[in-house]
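To keep things clear, I will list the structure first and then write my remarks on it.
Protein chains: 2
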Amino acid sequence: MENEKYYPVSQQAVTVDDRFWTPRQETNRKKTIPAVHGWLGKTGRIDAWDWKPGKESKPHIFWDSDIAKWIESASYSISKVPDRRLEERIDRIVDIMSARQCPDGYLNSYFINVEPDRKFTNLRDMHELYCAGHLIESAVAYFQATGKRKFLDMVSKYADHISRVFGHGKGKKPGYCGHPEIELALIRLYEATGEKRYLDLSKYFISERGRRPFYFTKEYLPPNTLTMTAGETDYSYCQSHKPVGEQMEAVGHAVRACYLYSGMAALCFHAPDSDLFSACKSIFKDIVRKKMYITGGIGAFPEKEAFSYEYDLPNENAFAETCANISLFFFAHRMSLLDCSSMYAEVMERVLYNGILPGVSLDGMSFFYSNPLSAFPHPGDVRHEHMGTQRKKWFGCSCCPPNVSRLLASLGSYVYQRNNDGIKVNLYVSGRAQIEVSGTMVAISQESNYPWHGIISFKVDPSESKYFKLLLRIPEWSRRYSVKVNRKNCPHVVEKGYAVIRREWNSGDRVEIEFEIKPFIVEANPQVRQDCGKVAVQMGPIVYCAEECDNGRNLADVSINASRPQFKVMRNSGPAGASVIFANASRRTGSGWNGRLYRRYLPAFKKIRLKLVPCFLWGNRKMGAMTVWMNKG
Amino acid sequence: MENEKYYPVSQQAVTVDDRFWTPRQETNRKKTIPAVHGWLGKTGRIDAWDWKPGKESKPHIFWDSDIAKWIESASYSISKVPDRRLEERIDRIVDIMSARQCPDGYLNSYFINVEPDRKFTNLRDMHELYCAGHLIESAVAYFQATGKRKFLDMVSKYADHISRVFGHGKGKKPGYCGHPEIELALIRLYEATGEKRYLDLSKYFISERGRRPFYFTKEYLPPNTLTMTAGETDYSYCQSHKPVGEQMEAVGHAVRACYLYSGMAALCFHAPDSDLFSACKSIFKDIVRKKMYITGGIGAFPEKEAFSYEYDLPNENAFAETCANISLFFFAHRMSLLDCSSMYAEVMERVLYNGILPGVSLDGMSFFYSNPLSAFPHPGDVRHEHMGTQRKKWFGCSCCPPNVSRLLASLGSYVYQRNNDGIKVNLYVSGRAQIEVSGTMVAISQESNYPWHGIISFKVDPSESKYFKLLLRIPEWSRRYSVKVNRKNCPHVVEKGYAVIRREWNSGDRVEIEFEIKPFIVEANPQVRQDCGKVAVQMGPIVYCAEECDNGRNLADVSINASRPQFKVMRNSGPAGASVIFANASRRTGSGWNGRLYRRYLPAFKKIRLKLVPCFLWGNRKMGAMTVWMNKG
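Those sequence lines, one after another, are chains A and B.
Under this note's numbering, the first residue of the first sequence is numbered 1, with each subsequent residue one higher.
Under this note's numbering, the first residue of the second sequence is numbered 1001, with each subsequent residue one higher.
Take a look at the structure:
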C-alpha cells in the first residue's frame, strides 16, 4: 500500500483557468458566496451565537455547520482571489464565535445558548461533534488562505477539549458522533498543524464506532431530548451497527456514511491499517457496483436520505442529495491517494459533473437538495421541499448550498496528486500548478476545452531536468486515445487506468493526450429494475438528459433508437457553452385516444429528433419535465 | 333520466352457481368469514364493547366498522347457505352491542367506553358516523338475511338519534362525517324499511357537505383530541372543500371519496337532482379517464391513501387500496342504476376481477391492503405494512379483509338489474335468478365458463309470455360477438354498450351471446408517464401479469413483442382453473457485466416464452416479483 500512496496538491499550489470551470468558480465567488452569507444572516444563523431565551430564531443544532461551510468556501475563494471585504466578514463571524467560546474551549451556538446543561449528552442525534468538525475544517481552510491563526487556535482549543471529554480514560465518555464528520476534520487539522494528537483523536472516534455495548444505547435519554430518530435501534443508519473495520457495505444515511468513509480512508493514509483499508475498498466497490446512480449520485432512499438495498435506484424519487454526492467525491478522493487505481478518480469525475454540478443553478443562486434522474413537475405533486423538481434559493435545513459552494471553490485541490515518483493527473481541468517531485519543483500547465473536446495539452517545466513518471487518467468511457510527447507518439504503459509516461522531463516539454469524445448509449445492469427497458446518453464524462422545454409534452413517452443511434453534436450551442446532442428517436403520435386512459395497442409512432442537454444544466431554462433514462426504441 | 332507471335485483333473488365465482364464495364462507371472526375476537374488537379504563386492548375508533362489515358478509352468506352457528355468532355480537346501546340510541364502542364526553365533537377525524354507517349496512343485511328485526331496530334507533343531533334545526349540529359512509348506509336503511326520514337524513348529510363556513373548521379542537390529520385545512382530503354538487373531479382519500359518490348516486336514484347527477357523472369520468389503474384500482397516492393528480399512476408504489377499489365498484353500481350506459358495468367488471379479487388470497386467509401493479419484494425494502408485496393475515387497521369478504358474499346482487321494460345483464356470472318485469316473474338462468370462455347461454322462463327487452352487456374489449335466440342469429340493436333484444319471451327461450376471448396488448395514454414504453396483456376482462416464479429473476427486464405478438393460451392450466398465456418476448442476456452497474450499450437479447397469469392470482405461489406493465420490445 505504502508505495502506492500519493499526496494531494493543495488548493494554494493550483490555479484553475478553465473554460468550463472558471465561469462556475466566478459565479460561486460573485453570486453564491454572497447569497449564502445573506441567508446565514437573514435566517438568524449568525445571531444564533448571541441568542437568548425568549428571542426569535432559536438556534438549530445544525446551524454552525452552515456557517462553517460558508467560511470554508469563502476561504478557498480568497486564497485565490483576495477580497478584503469578504475576509472582514469572516473575521467578524470568528470574533462573534470567539466571544462566546467557553473557557474550556467548547464551541457550539446551540448548546451554549439553548441547552447549556446538555452538552455531549445526545451524541446520536444532536450533530454536536458534526458541527465541531465543520468548524475545524473551516478554520483549517481560513488559516491556509490567510495565515491568520485566531480561528485555528479556537478550534484547536475546542478539539483539545473534545479529546479531554472523549476516549477510554477514566471519567471520559466512550462516545462518537451520530453524524460522522469530525473524523475527517481532525485529520485535516492534523495535516494543517502536524499535531499528532488530532490524528489520534480521529483514530479513537473511528475505531470506537460501532463497538458493543453500543454507546448510543447507553446514552439514550427518552424524554425531554430533541431526538431526531427517537427509538431507533438499528444503528446502521449512522454506520455504528458494527466496528467500522468490519463494515463491508455502504449503509444508512448517505452523507454520514461517506463522511465517515472519507475519514476512514484519510486515517489509513496516515496510520496504515489493512483491515480498515479493506473495509474502505469493499464499501467503495459496493457503492460503485450496486448503489450509485449513473450521475454518481448516492443515497437513493428519500425517507431516510439513505442508501437503499443493492440495485434499488429509483429515478423520479431519487434522493441523491447534493451533500451525499459531495461526500462520495471526498471518499473517492481520499481513496485515490491510497490506491493508484483510476476507479476512484473516475467516480470523482462522474459525480462532479453529473451529481454535484446540478446542485447549483447556472446563476449560482438556487440549489437542488435532492437530484432526481427524472422529474415531472406538477402542481398536484406534493413533495417534501428537499425533493427536487425545481431548484430553491434556500432550505430550512440548508446543508447543500454551502457544501457545493466549498467544493467548487476548492476544485483546484483535486486535479493533481504527487509523490516522489511523479505526478498523477486525476481531473482534466485547465490551469497551472507548482508540484514538488522528489525535491524538484515542477510547473505544470494544462490546457483543453474539456469536457466538450478531448484534446488536453500539458506543458511540463521542471526546475531542473528530472526523471519521473506522469500519470494521465484514461477515462473509462474512452475507446480510443493517443498520447504524444513533444508532438511524437509516446511509448507508455497503462497501469490501473492511467497512461504512465516515464522519462526524463525537461523544461518546455509538451504532452498531449487525446480522447474521442462522441455520444454513446449507456445501459444499466439488468438488476436495476428502474432502468430496465431504458438507456441513457453520455458524451465524455457528461450524462445527458432530455428536457420538456426542448422536446415537448409527454417526455416520458420518448423512445431513443438504441440499436442504430444517429447523433448530431452541436458544439457550443447550449447554455454555458455546452455541446448539445440531437438523436434519432420516436414517440407515440398521441392521437385517437378520445380521452381514454387505456386501449388496445395501436402502434402509431412518429420519428423525432430528440434534443439532449447535459443533465447538470437541467432546470436552468423553463421549469418542466426532465429525464436521464429514456425508453429503448 | 327517469326512464333510464333500473332497479337492483337483490342478493336474495339471485343464486350464483358459477365455475369461477362459486369456489371463491365457498372459500369466503368456509375460510375468510371464520378467520375474520377469529381476528375480531383475538384483537379485542368484540370485547371493546365492554372495555373499561385500565383494561388491555383499548378500543380504536375504527373497530365497530370491522365488526359491522363482518356481520354484513356473514349475513349475505347465511342468506344463501344457512348456518345456525354463524347466525348465533352474529346474535351474540348483536346482544353485546344491544346491552351497551345508550338509552338515546347512541351506539359506538369507542365513545361509549373511552371518551363518553366527546361524542360527535370531532366529526372530521373520529369516524363516528362512518362506524354508524357500517352498523346500519350490516343490520340491513342481517335483517334481509334472517328477517330478525332486533339489530335493525337498534340501528334505526341510532339513526333516529343521529337525526335528532344533526341538521339545521335549533340546537342541532350542522355537521357531517369526515369519512363518508353513512350517506349510502342511510339510503340502504330507507330502501330496507321504506322510512323516508332516513333518505332525508342522508340527503341532509350530502347536501350540507362542503358548505361554508366549513363545519370542520368550526368544530376544530386543537389539543387533547385524537386528530388524525390535525391542522389539515384543505378539506378536499375528505371531499368537503366545496358543496358536493359543485365537485367535478375525484379528489382526496379514495375510499371516502367513492363511498360519498356512491351515496350521491344512490340519493339521485331516489330523489332526482340534476346538479348532483351531473357531479356524479363528471367525477366518474374523471376517475375512468384520468385516475384509474388498468386493474380498476384507484387512489394512487400512498401517503394519503388518496387520488393523485391526473395521469399520475405509479405502479410499484400504487396504493389502490382494496377498500378503495370496492368503493369504486359501489359507485359504478349505483351509477349503472341511473344511467343505462355500459361504461359503469365495464368498470364494475374491470375492478372486480383485477382490483378487488387480488385483495384476498386463493385460500381466503390473507389479504392485500394496497394493490400494486408491480412488486419487487426485497428484505431491504422497508415499506409500510399496508404496501403490498405480500398478502398479510390481518392489519392493525383491517378495513380491507371484511370488505372484500362482504363483496364476494353479495356478488349475486350485482349481476342483474330490472325495470318495467326489461332485464339488464351487467355481469356474466352463472346461476339463477327470479326477476319481476312489469308484474311478470321471469326465471332466468345463466351458464358459461366466463371469463375463460366467451360463450354465455341464458334460459329465459317468464311465468307467462311477455314482451320485454333483454340487455346484454357487450364488453369494451370484445371485437366480435354474436347473439342467438333459440339457436338463430337474432336481430338486435346496440344501445349504450348493450345488445338489446326486444321480443316476446316464452318459457324455455334460449339466448346465447358469444365473445371472442383472445389475448391482446393494451397501452396506456401517453400522459401516464409511468406506463410509457410499456404494455400490458389482457384477455377478456382479465388483466394478466408476469411473475418471477414463472419467469425468473430480473423480471423488470422482460420485453414483450408488442408489434407482432404471438400468444399461446393454455386453458385451465393455472391455479384455480385459470387460463395461462405464453407470449413471445425477450430479455437481455445478463452476461458480460463483470459486476458493473453501467456500461456502453451492448444489444444482447435472448428470446423467451413469457408466462403470464391473471393478475388477481399473483403472490399465491412463491413470493417474488410481479409486473403488470412490461417493456415494449
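For each residue, glycine too, the CB sits at the ideal point set by N, CA and C.
These numbers come from a predicted model, not from an experiment.
Secondary structure of A:HIS179 (DSSP, three-state): coil. Considering only beta carbons, the part of the segment 1372-1401 of chain B lying closer than 7 Å to chain A consists of PHE1376, HIS1378, GLY1380 and ASP1381, in chain order.
The contact set of B:GLU1349 on chain A, defined by CB atoms closer than 7 Å, is empty, because the minimum CB distance reaches about 14 Å.
Residues of the segment 472-497 of chain A that bring their beta carbon within less than 9 Å of a beta carbon in chain B comprise TRP477 and ARG479, in sequence order. Contact between the segment 43-61 of chain A and the segment 605-621 of chain A is absent, with fewer than three C-beta pairs closer than 8 Å. Interface annotation, B:GLY1595: in contact with chain A, CB-CB separation under 7 Å. Within the segment 553-622 of chain A, the beta strand (DSSP E) runs of at least 3 residues that lie entirely inside it are, in chain order, 567-570, 580-588, 598-600 and 605-614. Within 10 angstroms of the beta-carbon of A:HIS168 lie fewer than 16 other beta-carbons, which makes it exposed. Non-local C-beta neighbours of A:PRO314 in its own chain, meaning closer than 7 Å and more than five positions away in sequence, comprise ALA300 and GLN530, ordered along the chain.
In chain order, HIS1378, GLY1380 and ASP1381 make up the part of chain B whose C-beta sits under 7 Å from the C-beta of A:TYR309. Here DSSP, grouped into helix, strand and coil, assigns A:TYR544 to strand. In the three-state reduction of the DSSP assignment, A:PRO462 falls in the strand class. B:ASN1113 carries a helical assignment under DSSP once its states are collapsed to helix, strand and coil.
Closer than 9 Å at the C-beta level to chain B, one finds these residues of the segment 507-527 of chain A: PHE520, ILE521, VAL522, GLU523, ALA524, ASN525, PRO526 and GLN527. Of the residues assessed, A:SER240 falls on the buried side of the cut-off, its CB having 16 or more other CB atoms within 10 angstroms. Taking a contact as a CB-CB distance under 8 Å, the pair A:CYS238 and A:ARG164 does not count as one, their CB atoms being some 24 Å apart. Under the Cβ criterion of 7 Å, B:VAL1580 is not counted among the residues facing chain A. The Cβ neighbour count for B:MET1570, taken over all protein chains shown within 10 Å, is under 16; the residue is labelled exposed. Per DSSP, reduced to three states, the secondary structure at B:ALA1013 is helical. Taking a 10 Å sphere around the C-beta of B:HIS1179, we find 16 or more other C-beta atoms and assign the residue as buried.
If you check the CB distance, B:PRO1451 and B:GLY1540 come in under 7 Å.
When C-beta distances to chain A are compared with 7 Å, the residues of the segment 1536-1563 of chain B below that value are ASN1554, ALA1556, ASP1557, SER1559, ALA1562 and SER1563, in chain order.
Rounded to whole angstroms, the separation of the alpha carbons of B:TYR1259 and B:CYS1399 is 14 Å.
Here B:ALA1048 is buried, its C-beta having at least 16 other C-beta atoms within 10 Å.
Taken through DSSP and simplified to helix, strand or coil, B:HIS1161 comes out as helix.
Going by C-alpha positions, A:ASN506 is about 15 Å away from A:SER438. Per the coordinates, the alpha-carbon of A:PRO462 lies some 25 Å from the alpha-carbon of A:LEU338. Contact check for B:PRO1243 against B:TYR1215 fails: the beta carbons are separated by 7 Å or more. Using a Cβ-Cβ cut-off of 7 Å, A:PRO614 does not count as an interface residue toward chain B, since no Cβ of chain B sits closer than that to its own. In the three-state scheme derived from DSSP, where H, G and I count as helix and E and B as strand, A:ASN371 is classed as coil. C-alpha of B:ASN1486 to C-alpha of B:ARG1510: approximately 5 Å in a straight line. Distances from the alpha-carbon of A:ASN28 to those of A:ARG45, A:SER73, A:GLY54 and A:THR15 put A:SER73 closest. At a beta-carbon threshold of 8 Å, none of the residues of chain B lie near A:ILE298; the nearest stands roughly 12 Å away. By the criterion of a C-beta distance shorter than 6 Å, A:VAL442 is surrounded in its chain by ILE435 and PRO462, once the five residues flanking it on both sides are discounted. A residue is called buried once 16 or more other Cβ atoms fall within 10 Å of its Cβ, and A:ARG84, having fewer, is exposed. For B:ASP1066 against B:ARG1045, the beta-carbon gap comes to about 6 Å, under 8 Å, which counts as contact.
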